[in-house]
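Have a look at the structure below before the remarks.
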Amino acid sequence: MNNFIEAFLNVEIAVAASPILWMGLVQTVLLALMTVPLGMIAGLILAVLSAQESRWVRWPLIGFVDFFRAIPPLVLLIFLYAGLPFAGLDLGAWGAVALGFLLNTGAYYAEILRAGIESVPKGQSEAARALGLRRWQVWIFIVLPQAVRNVLPDLVSNTLEVVKLTSIASVVAVPELLFQARQAQSVTYNATPILMAALAYFILLWPCVRLLSRLENRQIAGRR
Amino acid sequence: MTGWDGFVFSFFNARVAADYAPKIVEGLLLTIWLALLVVLSGLALGLLLAVVRAAGIRVLNWAIIFTVDVFRALPPLVLIVLIYFGLPAAGLDLSGFGATWLALTLVLMAFAEEIFWAGICAVPRGQWEAGRALGLRFLPTLRRIVLPQAIRIAVPPLTNRTIAITKGTALGSVVAVSEILGAAQSGMSFSGNPTPLTLGAIAYLILFLPVVIAGRWVETRFRWKR
Chain A
41 MNNFIEAFLN
51 VEIAVAASPI
61 LWMGLVQTVL
71 LALMTVPLGM
81 IAGLILAVLS
91 AQESRWVRWP
101 LIGFVDFFRA
111 IPPLVLLIFL
121 YAGLPFAGLD
131 LGAWGAVALG
141 FLLNTGAYYA
151 EILRAGIESV
161 PKGQSEAARA
171 LGLRRWQVWI
181 FIVLPQAVRN
191 VLPDLVSNTL
201 EVVKLTSIAS
211 VVAVPELLFQ
221 ARQAQSVTYN
231 ATPILMAALA
241 YFILLWPCVR
251 LLSRLENRQI
261 AGRR
Chain B
2 MTGWDGFVFS
12 FFNARVAADY
22 APKIVEGLLL
32 TIWLALLVVL
42 SGLALGLLLA
52 VVRAAGIRVL
62 NWAIIFTVDV
72 FRALPPLVLI
82 VLIYFGLPAA
92 GLDLSGFGAT
102 WLALTLVLMA
112 FAEEIFWAGI
122 CAVPRGQWEA
132 GRALGLRFLP
142 TLRRIVLPQA
152 IRIAVPPLTN
162 RTIAITKGTA
172 LGSVVAVSEI
182 LGAAQSGMSF
192 SGNPTPLTLG
202 AIAYLILFLP
212 VVIAGRWVET
222 RFRWKR
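Chains as they are written, first to last, in my numbering: chain A, 41 to 264; chain B, 2 to 227.
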């Protein structure tokens, strides 16, 4: 038991590691604040485009989305970070992370929003057109508000996944929370910093998980 | 060398590809094996927790809800690192493979429990009452009447979640599991050429693209009509 406390709940190491863990937490929040809006905008553009009638527009977009949903984000990140420099394109760690996360989360948001848009009956946009609204007005005032409402739990869930995803940026040495915790762990040879990082993620994301659990139960129960 | 030749030499180098293809195939088999283990244990544990929760013992339910919340809030990579670097200090030494399996199993367990539980809740009360009125005990009612309906409701959300978590096997490369990504990265550093990484990406596409497309089909096929 003493060994356990020594290894996981070491107060001395916790105090020493907390400044760099705090810096890491700030970076994690910044990463999330960068990735979530960019991914949502990319996803929205992809989803609206793939709702077009023409299959020459729709099919390549579905292919694009499926491609980036099939590739694990870490593989994409390593490819951009370690592979692309061979083609003379060095994005750096932050650039690779930004582009990789944009492609991955954009594809997921696109898939969710596409389902949302499909769930809005065609009559809605036809009625709006008949009332004299322009195409962009139909999207902004009629289709998208209903689409977003219908898939709200999935959107929140994906946003939670995106925040969790930022942890893989540690693999390419972006100094976010997990990276700092691993640095502290390798210096002190003690697991306390990693446990502290886990605790920080939990405190940050627990409210989101609770909210989601309520939204999802309501949605699945509402299917009947 | 022109730009195009340089590009082919770097990313589609036939000689490097021939040298490292066997390693990538080994990695592919390891990825499939790890993914199957995770899916089996994760779904089984998730279903078990949902069934226990259906029994409605309050203290137990709080414990289940809290456990599920923990594993939904923690990034899988954080769990893998914690298990791999932390547990040896607690006297439990897991290999990288074991740590990745355990972490992903716990994550899938949490998501699966939530989805199965939501499915159970979606089955109308009358189904329970009718089963009990016909003289079935709690467990037979659950097994023969409620679960078949609940699982059908759970299939579409569960499919996509399971695919997403299975892709997490790539995280094993961080703790030295030589699955596809691990094999590709060591191939790249040995040969000084990113072709193994291209092979790795292709291997993932071969493995997951059909699954993603099948998932799309399952979602439309099993969706409950509103």
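Cβ atoms here follow ideal geometry from the backbone N, Cα and C, with glycine treated the same way.
- The residue from A:Glu201, A:Ala240, A:Arg189, A:Val115 with its alpha-carbon nearest to that of Phe112 of chain B is A:Glu201.
- Between Val88 of chain A and the set A:Ala47, A:Ala187, A:Ala238, the nearest pair of CA atoms involves A:Ala187.
- When C-beta distances to chain B are compared with 7 Å, the residues of the stretch 88 to 109 of chain A below that value are Asp106, Arg109, in chain order.
- Excluding the 5 residues flanking it on each side, Val214 of chain A has same chain C-beta neighbours closer than 6 Å at Ala133, Val137, in chain order.
- Judged by DSSP in its simplified three-state form, Pro195 of chain B adopts coil rather than helix or strand.
- Inter-segment contact for the stretch 85 to 99 of chain B and the stretch 131 to 142 of chain B is absent: fewer than three beta-carbon pairs are separated by less than 8 Å.
- Along the stretch 219 to 243 of chain A, the positions whose C-beta sits under 7 Å from a C-beta of chain B are Arg222, Gln225, Ala231, Ile234, Leu235, Ala237, Ala238, Tyr241, Phe242, read in chain order.
- Taking a cut-off of 8 Å on C-beta distances, the stretch 216 to 223 of chain A does not touch the stretch 3 to 18 of chain B, as fewer than three cross pairs fall below it.
- Spatial neighbours of Leu143 of chain A in its own chain (CB-CB distance under 7 Å, excluding positions within 5 residues in sequence) are listed in chain order as Phe108, Leu116.
- With distances taken between CA atoms, Pro77 of chain A lies nearest to A:Thr199 out of A:Ala168, A:Ala209, A:Thr199, A:Ala237.
- Here Leu61 of chain A has Leu217, Gln220, Ala221, Ala224, Pro233, Met236, Ala237, Ala240 as same chain residues with Cβ atoms under 8 Å from its own Cβ, once five neighbours each way along the sequence are excluded.
- Look at Tyr229 of chain A here: in three-state DSSP terms it is coil, with no helix or strand label.
- Residues of the stretch 200 to 225 of chain B with a Cβ closer than 7 Å to any Cβ of chain A, in chain order: Gly201, Ala202, Tyr205, Leu206, Phe209, Leu210, Val213, Ile214, Trp225.
- Using beta-carbon distances, Phe141 of chain A does not count as an interface residue toward chain B, since no partner is under 8 Å.
- Comparing alpha carbon positions, the residue from B:Ala155, B:Ser192, B:Val176, B:Val69 closest to Ala19 of chain B is B:Ser192.
- The beta carbons of Ala204 of chain B and Ile25 of chain B sit closer together than 8 Å.
- Thr221 of chain B sits exposed, since fewer than 16 C-beta atoms from the chains shown fall within 10 Å of its C-beta.
- Take Leu50 of chain B, set aside five residues on each side of it, and the residues of its chain with a beta-carbon closer than 6 Å to its own are Ile65, Glu114, in chain order.
- Residue-level contact by beta carbon holds for Gly87 of chain B and chain A, with a gap shorter than 8 Å.
- Residue contact with chain B for Gly79 of chain A: absent (no Cβ-Cβ distance below 8 Å to any residue of chain B).
- Note on geometry: alpha-carbon atoms of Leu101 of chain A and Lys162 of chain A lie some 21 Å from one another.
- Contact check for Val203 of chain A and Leu245 of chain A: beta-carbon distance about 6 Å, within the 8 Å limit, so the pair qualifies.
- Against chain B, the CB of Trp246 of chain A has a partner CB under 8 Å away; the residue lies at that interface.
- Among the residues facing chain A, Met189 of chain B is included, as its CB has a counterpart in that chain under 8 Å away.
- If the five residues before and after Tyr21 of chain B are omitted, its C-beta is found closer than 6 Å to the C-beta atoms of Gly188, Pro197, all from its own chain and listed in chain order.
- Distance between Asn161 of chain B and Leu84 of chain A, taken at the CA atoms: about 20 Å.
- Against chain A, the beta carbon of Val175 of chain B has neighbours under 9 Å at Leu114, Ile208, Ser210, Val211, listed in chain order.
- With 16 or more neighbouring CB atoms inside 10 Å of its own CB, Pro112 of chain A falls in the buried class.
- Within chain B, not a single residue places a beta-carbon under 9 Å from that of Glu216 of chain A; the smallest gap is close to 10 Å.
- For Arg254 of chain A, the three-state secondary structure derived from DSSP is helix.
- When 7 Å is used as the limit between beta carbons, Ser96 of chain B is near no residue of chain A, the shortest such separation being about 17 Å.
- Given a length threshold of 3 residues, the stretch 140 to 200 of chain B has no whole run of the beta strand (DSSP E) inside it.
- The three-state reading of DSSP puts Asp130 of chain A in coil, since its state is none of H, G, I, E or B.
- Relative to the Cα of Leu124 of chain A, the nearest Cα in the group B:Phe8, B:Ser42, B:Leu41, B:Trp63 belongs to B:Phe8.
- Across the set B:Phe117, B:Ile146, B:Gly120, the C-alpha of B:Ile146 shows the shortest separation from the C-alpha of Gln128 of chain B.
- Restricting attention to A:Ala167, A:Leu71, A:Phe48, A:Gln164, the CA atom closest to the CA of Gly92 of chain B is found in A:Phe48.
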